[in-house]
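Worksheet: the structure to be examined is printed underneath.
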Ligand SMILES: Cc1cc2nc3c(=O)[nH]c(=O)nc-3n(C[C@H](O)[C@H](O)[C@H](O)COP(=O)(O)OP(=O)(O)OC[C@H]3O[C@@H](n4cnc5c(N)ncnc54)[C@H](O)[C@@H]3O)c2cc1C
Ligand SMILES: Cc1cc2nc3c(=O)[nH]c(=O)nc-3n(C[C@H](O)[C@H](O)[C@H](O)COP(=O)(O)OP(=O)(O)OC[C@H]3O[C@@H](n4cnc5c(N)ncnc54)[C@H](O)[C@@H]3O)c2cc1C
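Have a look at this one:
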């Protein structure tokens with residue numbers, strides 16, 4: 001049994017950590033989010049050129065460094081620690097995932113662009129009515145000659161304002177919530193008929209409502225089999241969730257450490273508040289939540305290569321743990337900071353906001369608990 | 001044991017309901033529904049309408065404009081206001097300061113301040129906390145030194161910093177705890193001063209909270225000259241006022257009626273949101289269970305509050321039991337905000353932003369659910385944190 005990282009992965013971690021330490025302070029982040037465009041293309045460029053991390057999880061034939069999901073997780077945890085908003089998850093993990101597993105025509109060329117930092121992807125899957133049912137789609141893709149015409153409205157598409165490409169789920173057949181008939185397309189964001197309404201999210205990202213009005217794409221825009229792409233979507237989503245769990249571990253670590261540090265320094269009643277046993281035990285419980293989250297994230301990573309059912313079960317279990325930990329650790333971090341925890345000025349609140357949004361990202365705790373139940377106990381039980 | 005409402009109570013409920021339906025400003029309601037930030041005039045407009053009706057200070061003695069309502073009527077009134085989704089009256093003047101003035105103040109102070117508080121003519125803020133004195137309030141350091149002015153009158157010269165001053169940016173006056181005797185033990189040597197916020201040397205600086213709002217402030221006091229007649233009660237005995245005020249601060253904090261309405265809203269929200277399995281979110285086993293549990297906890301809180309109220313009407317003041325109401329009341333409010341955010345799903349993420357520029361994104365009921373959730377974390381921190389409330393119960397009730 002071995003839970004340690006390879007030498008390459010450790011180096012990767014150190015590279016990312018030291019770059020972020022120098023270039024991604026809380027104040028630098030804050031200034032960037034307040035200004036337009038709300039992220040830093042130069043950081044992305046540095047990821048591509050200086051650090052070379054955008055290729056870490058792609059094979060060498062594709063121009064990458066030959067890593068995989070574990071490398072994504074190593075990177076995501078560091079990105080979580082610094083609350084990085086640059087779109088590694090949608091571009092490399094999700095975009096890269098669809099290109100790797102779906103193998104559409106032109107995949108290698110686009111992967112090349114991702115690695116070079118030239119292509120940025122946002123994943124347009126959610127719809128206003130759909131909640132966390134990925135197959136609940138009103139967006140349609142109708143066959144038109146050799147290609148397709150897309151119509152629909154996608155909700156809260158994270159990173160869409162800065163994306164060059166959108167990966168879109170749409171119906172090529174079947175009823176609104178059916179598993180059959182789900183297809184996936186890659187659409188240049190500047191395609192005719194794509195409009196967006198952009199806005200910031202509470203955790204510092206930029207997102208859009210994306211509207212497709214008679215957007216014509218060629219046959220090569222389709223990723224995966226026509227009408228049968230739901231398993232592909234689930235696989236990529238599970239990889240995204242596992243990566244998000246890793247990000248959460250970074251966020252949780254900062255929430256916990258920041259709180260312990262603060263409690264040691266903050267004095268009330270003539271002593272550090274860390275000397276009050278009720279707070280000590282709370283911080284111990286936060287620590288336990290963090291450790292359990294790390295364990296479950298490793299577990300999910302290992303299960304990513306398992307059968308579909310095992311993978312899904314492992315990922316949902318991890319997401320449940322992470323969701324609970326995000327709530328417990330986040331809320332208590334604020335509580336133990338007292339009034340200071342409520343301020344925009346302190347980093348702690350921003351970690352809490354990200355943690356809270358992670359709870360709901362790609363399915364809430366209840367959603368994944370239900371998914372786990374179904375997978376583990378069967379529908380009838 | 002009798003929880004029936006008398007015919008008089010029912011008639012009062014009708015009257016209250018009709019008054020709220022007729023008199024609550026429509027523009028204000030619409031602003032609330034859109035989640036827009038409210039300004040000073042928004043809060044005051046409703047206060048003044050209530051004052052005209054004679055209902056702005058229900059808990060005061062009759063002679064100063066109280067209503068002489070029974071505890072049951074007060075309870076009905078808070079229920080009806082919650083049902084109608086009205087703004088509450090700001091507590092600082094009416095609920096917190098006024099009882100201190102009519103209990104401890106001079107006749108001049110009563111005559112000068114109580115009518116204006118009742119009528120919503122003065123906006124008050126609470127200057128208790130300091131950067132180094134939060135939970136340990138008695139360690140406050142703001143100094144007030146007594147001097148004789150050129151005019152031969154006596155003044156305090158006040159120097160120090162207050163913080164977390166809620167809505168201090170709008171305040172005309174503030175009530176402050178200051179140290180008048182640095183040599184005695186912490187609770188002694190504190191005085192209770194009323195300070196005109198326009199006095200030279202008072203500076204208010206915004207603190208932005210994590211959801212992006214401007215609700216709290218730092219207040220800097222730099223050689224602020226305060227006439228001695230603005231001190232309530234004896235010099236160095238302000239702690240007596242401070243404690244009395246905190247008991248009142250806590251007694252309204254359970255917020256049962258508001259939480260009941262909040263629960264209804266969550267139900268409404270969840271009945272239009274779709275669950276994963278199809279059907280409404282309210283029919284979802286997990287969500288339904290959480291709503292039911294919350295409703296039961298809210299019932300427990302409601303009956304605990306009713307028992308406290310019954311105790312008060314039979315002459316017991318608000319005691320350490322109010323700490324139970326504070327703890328459970330705020331926990332329930334926070335859980336309601338959690339459920340609303342959960343029900344919002346993806347549309348919990350958009351940032352409403354200053355000025356509400358996002359109000360077009362997602363259904364109306366989802367707008368700023370995250371903002372409410374983040375802002376709501378304050379309730380277990382302020383008014384004596386929930387940890388401090390538990391310490392109070394441990395000490396005062398359990399004798400530990
Ligand atoms: C079923 C059973 C089997 C056992 N078997 C063995 C055995 O085989 N050999 C053996 O030697 N002993 C055995 N024990 C004894 C066991 O180790 C003691 O019960 C244990 O150490 C607790 O001591 P106590 O019961 O005196 O409780 P106390 O020490 O009196 O503690 C009472 C409570 O106070 C809490 N407490 C105490 N100190 C603190 C503190 N500083 N901070 C916060 N909370 C505190 C405790 O957590 C506990 O909740 C057994 C006990 C049980 C119940
Ligand atoms: C939004 C907001 C509005 C406010 N409005 C006002 C206002 O208008 N006027 C005003 O005067 N003040 C106001 N306050 C201040 C509020 O009363 C204080 O924040 C509160 O008393 C806690 O103090 P603190 O923030 O310094 O936290 P600290 O006292 O530093 O506490 C930090 C943490 O330690 C815990 N802790 C401290 N001591 C103990 C102990 N002995 N045992 C166990 N745990 C302990 C606390 O519970 C908390 O979790 C406001 C605060 C907020 C957040």
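Residue numbers (full-length UniProt numbering), protein chains in the order written: chain R, 1 to 381; chain E, 1 to 400. In this text, a Cβ means the ideal position worked out from N, Cα and C, and glycines have one as well.
Contacts with chain E at 9 Å (Cβ-Cβ) do not include residue 159 (chain R). By the Cβ rule, the segment 177-194 of chain R counts as touching the segment 210-229 of chain R, because three or more pairs are nearer than 8 Å. In summary, residue 50 (chain R) is exposed, with fewer than 16 beta-carbon neighbours lying within 10 Å of its beta-carbon over all protein chains present. Under the three-state reduction of DSSP, residue 234 (chain E) is assigned to coil, being neither helix nor strand. Chain-ordered listing is empty here: chain R has no CB closer than 7 Å to the CB of residue 279 (chain E), the nearest sitting near 11 Å.
Shown here, residue 345 (chain R) sits in coil according to DSSP, grouped into three states, outside any helix or strand. Taking 3 residues as the minimum length, the segment 270-354 of chain E contains no beta strand (DSSP E) run wholly inside it. Under DSSP, residue 222 (chain R) shares a beta bridge with R:185.
Between the C-alpha atoms of residue 70 (chain R) and residue 301 (chain R) there is a straight-line separation of about 7 Å. For residue 209 (chain E), the neighbours in chain R by C-beta distance under 9 Å run, in chain order, 342, 343, 344 and 349.
Here residue 241 (chain E) is not bridged, per DSSP, to any residue.
With the rule of 3 Cβ pairs closer than 8 Å, the segment 174-181 of chain E counts as touching the segment 140-148 of chain E. Within the segment 95-111 of chain E, no residue places its CB atom closer than 8 Å to a CB of chain R. When rounded, the separation of the alpha-carbon atoms in residue 269 (chain E) and residue 38 (chain E) is 23 Å. Chain-ordered, the chain E residues with CB closer than 7 Å to the CB of residue 364 (chain R) read 342. Among the bridge pairs identified by DSSP, residue 246 (chain R) is matched with none. Residue contact check for residue 15 (chain E) against chain R: no CB pair falls below 9 Å.
Proximity of chain E to residue 197 (chain R) at the Cβ level (cut-off 8 Å) is accounted for by 360 and 361, in chain order. A straight line joining the alpha-carbon of residue 329 (chain E) with that of residue 136 (chain R) spans about 38 Å.
Here residue 141 (chain R) carries a strand assignment [DSSP, helix/strand/coil]. Between the segment 238-254 of chain R and the segment 102-109 of chain R, the count of C-beta pairs closer than 8 Å stays below three; the two stretches do not touch.
Three or more Cβ pairs closer than 8 Å define a contact, and the segment 364-377 of chain E meets that threshold against the segment 334-342 of chain E. Cβ contact annotation for residue 349 (chain E) (same chain, cutoff 8 Å, sequence separation greater than five): 370, in chain order.
The beta carbon of residue 397 (chain E) does not come within 9 Å of any beta carbon belonging to chain R, so the residue lies off that interface.
Judged by pairs of C-beta atoms under 8 Å, the segment 44-58 of chain R touches the segment 71-83 of chain R, as three or more such pairs exist. In the structure shown, residue 51 (chain R) adopts coil according to DSSP, grouped into three states. Comparing alpha carbon positions, the residue from E:45, E:44 and E:76 closest to residue 58 (chain E) is E:76. Set against 8 Å, the gap from the CB of residue 125 (chain E) to the closest heavy atom of ligand 2 is smaller.
Between ligand 2 and the CB of residue 340 (chain R), the shortest heavy atom gap is smaller than 8 Å. Note that the C-beta distance between residue 128 (chain E) and residue 145 (chain E) is not below 9 Å. Taking the C-beta atoms as reference points, residue 212 (chain R) is found nearer than 9 Å to residue 168 (chain R). Near chain R, meaning a CB-to-CB distance below 7 Å, no residue of the segment 61-87 of chain E qualifies.
For residue 131 (chain R), the closest Cβ of chain E is nearer than 9 Å. Taking all protein chains shown into account, residue 313 (chain R) has 16 or more neighbouring C-beta atoms within 10 Å of its C-beta and is therefore buried. A residue is called buried once 16 or more other Cβ atoms fall within 10 Å of its Cβ, and residue 328 (chain R) is buried on that count.
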